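Student:
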Amino acid sequence: MPAKPKKDEKPVICRCVCPYCDVEIIVEDSPFCNVCKVSFGRCASCGAVIMEEKAVKCPSCGKPLK
0 MPAKPKKDEK PVICRCVCPY CDVEIIVEDS PFCNVCKVSF GRCASCGAVI MEEKAVKCPS
60 CGKPLK
């Protein structure tokens with residue numbers, strides 16, 4: 000029996016929303032909200048966007064933030 004063809008894998012698109020104004024933010028090297036003029040940090044370990052200002056650990060991987 001022939002092998003089944005693999006499904007085309009589509010890249011995961013992360014759509015983040017600013018917690019202050021609920022507008023979609025640009026997620027690049029440093030996520031930024033154009034409306035609020037607020038920039039958000041990233042986890043150094045996994046690259047997840049950190050939306051909370053006073054976060055001490057990454058909500059995605061659980062490692063401490065630097």
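The numbering of the sequence shown is numbering that gives the first Met the number 0, which starts it at 0 and goes up by one. Even for Gly, the Cβ is constructed at its ideal location relative to N, Cα and C. The model shown is predicted, which means the values in this text are computed figures rather than measured ones.
Residues bridged to C32 by DSSP?
Tutor: Looking at the DSSP assignment, C32 forms a beta bridge with V37.
Student: C57: buried (16+ other C-beta within 10 angstroms of its C-beta) or exposed?
Tutor: buried
Student: Anyone know if the C-beta pair for C45 and L64 falls short of 8 Å?
Tutor: no
Student: Tell me which residues share the same chain as V55 and place their Cβ nearer than 8 Å to its Cβ, disregarding the 5 neighbours each side in the sequence.
Tutor: P63 and L64
Student: Taking the C-alpha atoms as reference points, what is the distance between K53 and C20?
Tutor: Roughly 18 Å between the two C-alpha positions.
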